[in-house]
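> Each residue of the sequence shown is one higher than the one before, counting from 177 in this note's numbering. Sharing a structure below in structure tokens format, with a few things to ask.
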Amino acid sequence: MVECCHWSRRSERAGSATISQSRRPGRTATHRVGSSRLRIAPTPIRWYNLAFRIQTGLRGPWRRRPPMPVIDRRRFLTSAALGVAAAGLARPEHAAAAGSDLPAEAPGFYSFRLGEFRIAPVCDGVFHLPMNSIATNAEPAARKAYFDAHYMTADIFQLQANPLLVGSAEKLVLIDTGVGPAQDWAPTAGRLAKSLQDAGVAPADIDVIVLTHCHGDHVGGLEAAVSEGFSKAEVVLSETELDLWNSPDAASKVPDWAAPGVPALQKTFAALGDRLRPVKGGSEIVTGVMALDTPGHTPGHMSVLVASGGVTMLVTGDALANIHFAFDHPDWQMIWDHDRELGVKTRKSLLDRATHDRLLVTGYHYPFPGVGHVVKEGDGFRWLPAEWVWDRET
């Protein structure tokens, strides 16, 4: 059984990181961060912005998220350890609107227990992509009927970006790093640092970063790994994925919309040096966390399996990128898959495995928090969100 819980792990440095999520009527949650002050100011990877312009023809100035404020980690830690729900959170966005007792926004994380692991999807925000980039091999009438039935607009569709924290007594792992600072194609994204703060985690507490693949909405926050952000994290990705994006002729091997990002990504890889750890499918990343080859979206795309207490969770990455057509019509293709036919094959295989093995599933682009199961339905499948559970001590 999956339960909502409080998160607590001892950092290898002084202090600790604590995640707690609690809701009570008339209150908001309070969250803490370790034992020192930390300024988070990651440098953007700008290439995905350009790639989106290439695809859509958008123009306009670069948008950059303002620097994050200094975080008083000791003050947050003290309140979190007491488990007290305060009247407001540290940042002004959490303050109640004038004339209202309700907070303007909720913390961008949701925590639950999976055996010995503490799991927390953390929200990086949302962005939009053109509708004509998906279901490219479907009949126009079928596409329109499907989109209408699912309240999907004719021009764009919305995607969440939900990196995932996986914590144990050994390590704190972050799967994917979000968009990075907000871009003109993703003006409400770039919230990872804030969501981590709300969850009681400082970027410097992350031991391992796992990249499912190297598209900009998953690696955009990676440059923080070479700055004062994720300062100690080992970066794990597929051996095939690293070989592709780090090769001298990488720009000619990836789709045109992805090529502008290659130089910045290679610069980041070079700066990481021996903190990069390429792995093969089936390799154990940390105890209980295993890499799973799921090629198609990119040649080296990998999903992740997290297993503990008799429950296995599939972290899909972009192998199952949408809760609608990826489940109902897994044979529908999208331009964002490097190999569209292989992407279809991988989707069908993952859906079959998720239903047969009754896996818990998390999706990076699913409506937050993106946790649920796959159900076989007719010739396709259906996404079944897990119920949220609050205020459960474990």
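Backbone N, C-alpha and C define an ideal beta-carbon position, used for all residues, glycine too.
Just tell me which of P316, V465 and G376 has its CA closest to the CA of E346.
When only C-alpha atoms are compared, the closest one is V465.
> What is the residue span of the beta strand (DSSP E) that W559 lies within?
Start and end: G556 to P561.
> What are the start and end residues of the beta strand (DSSP E) that includes E460?
Per DSSP, E460 belongs to the beta strand (DSSP E) from E460 to V462.
> Assuming S479 is part of the alpha helix (DSSP H), what are its boundary residues?
Careful: S479 lies outside any alpha helix (DSSP H), inside the beta strand (DSSP E) at M478 to S484.
> Would you grab the beta carbon distance between L290 and V482 for me? Rounded to a whole angstrom, and I think it's under 8 angstroms.
About 6 angstroms; that satisfies the 8 angstroms criterion.
> Where does Q334 land, buried or exposed, given buried means 16+ other C-beta within 10 angstroms?
Counting Cβ neighbours within 10 Å, Q334 comes out exposed, since fewer than 16 surround it.
> Could you name each continuous beta strand (DSSP E) segment of 3 residues or more that falls completely within the stretch 403-442, going from the start of the chain to the end?
Taking only runs of at least 3 residues, the beta strand (DSSP E) segments lying wholly in the stretch 403-442 are 410-414.
> Mind checking which residues open and close the alpha helix (DSSP H) that includes R523?
Note, R523: alpha helix (DSSP H), R516 to H532.
> Quick check for students: name the residue ranges of the beta strand (DSSP E) that lie wholly in the stretch 340-392, counting only runs of 3 or more.
Correct list: 340-343, 348-351 and 384-386.
> Within the chosen definition, does the stretch 314-334 reach the stretch 374-383 through at least 3 CB pairs nearer than 8 angstroms?
Result no; under three Cβ-Cβ pairs closer than 8 angstroms.
> Looking only at DSSP bridge pairs, what is T538 linked to?
According to DSSP, which records beta bridges pairwise, T538 is partnered with V491 and V547.
> Which word fits A440, buried or exposed, when buried means at least 16 other C-beta atoms lie within 10 angstroms of its C-beta?
A440 should be labelled buried.
> Closest to G343 by CA distance: which of C390, F293, H326 and L305 is it?
When each option's Cα is compared against that of G343, the closest is F293.
> Cβ atoms of S414 and V455: under 9 angstroms apart, would you say?
Yes, the pair counts as a contact, with Cβ atoms nearer than the cut-off.
> In chain order, what residues of the same chain lie with their CB nearer than 7 angstroms to the CB of A502, ignoring the 5 residues before and after it?
For A502, where only same-chain residues beyond five positions count, the Cβ hits under 7 angstroms are L496 and R523.
> So what does P454 bridge to, in DSSP terms?
Paired residues: L413.
> Could you check whether M478 and V537 sit closer than 9 angstroms to each other, using their CB atoms as the reference points?
No.
> With distances taken Cα to Cα, identify the nearest neighbour of P339 among A365, A317 and A435.
Ranking A365, A317 and A435 by Cα distance to P339 puts A365 first.
> Please confirm if the stretch 401-412 is in contact with the stretch 510-518, defined as three or more CB-CB distances below 8 angstroms between the two stretches.
Flag = no, the stretch 401-412 and the stretch 510-518 do not touch.
> Nearest to H500 by CA position, among Y322, V302, P316 and S287, is which residue?
Cα-wise, what sits closest to H500 is Y322.
> Output the distance between the C-alpha atoms of R341 and A369, rounded to the nearest integer angstrom.
The question names Arg, yet the displayed sequence has Leu at residue 341. Each residue's alpha carbon lies about 13 angstroms from the other.
> With three or more C-beta pairs closer than 8 angstroms as the rule, is the stretch 423-430 touching the stretch 380-388?
With the cut-off at 8 angstroms, the stretch 380-388 and the stretch 423-430 do not touch.
> DSSP state of D331, grouped into three classes?
Coil, per DSSP.
> Excluding five sequence neighbours on each side, which residues of the same chain lie with their C-beta closer than 8 angstroms to the C-beta of H541?
Here the set comprises L335, Q336, A337, N338, D494, A497 and N498.
> Rounded C-beta distance between E410 and R453? I'm assuming under 8 angstroms.
Indeed, because the Cβ distance is near 6 angstroms, the residues count as touching under 8 angstroms.
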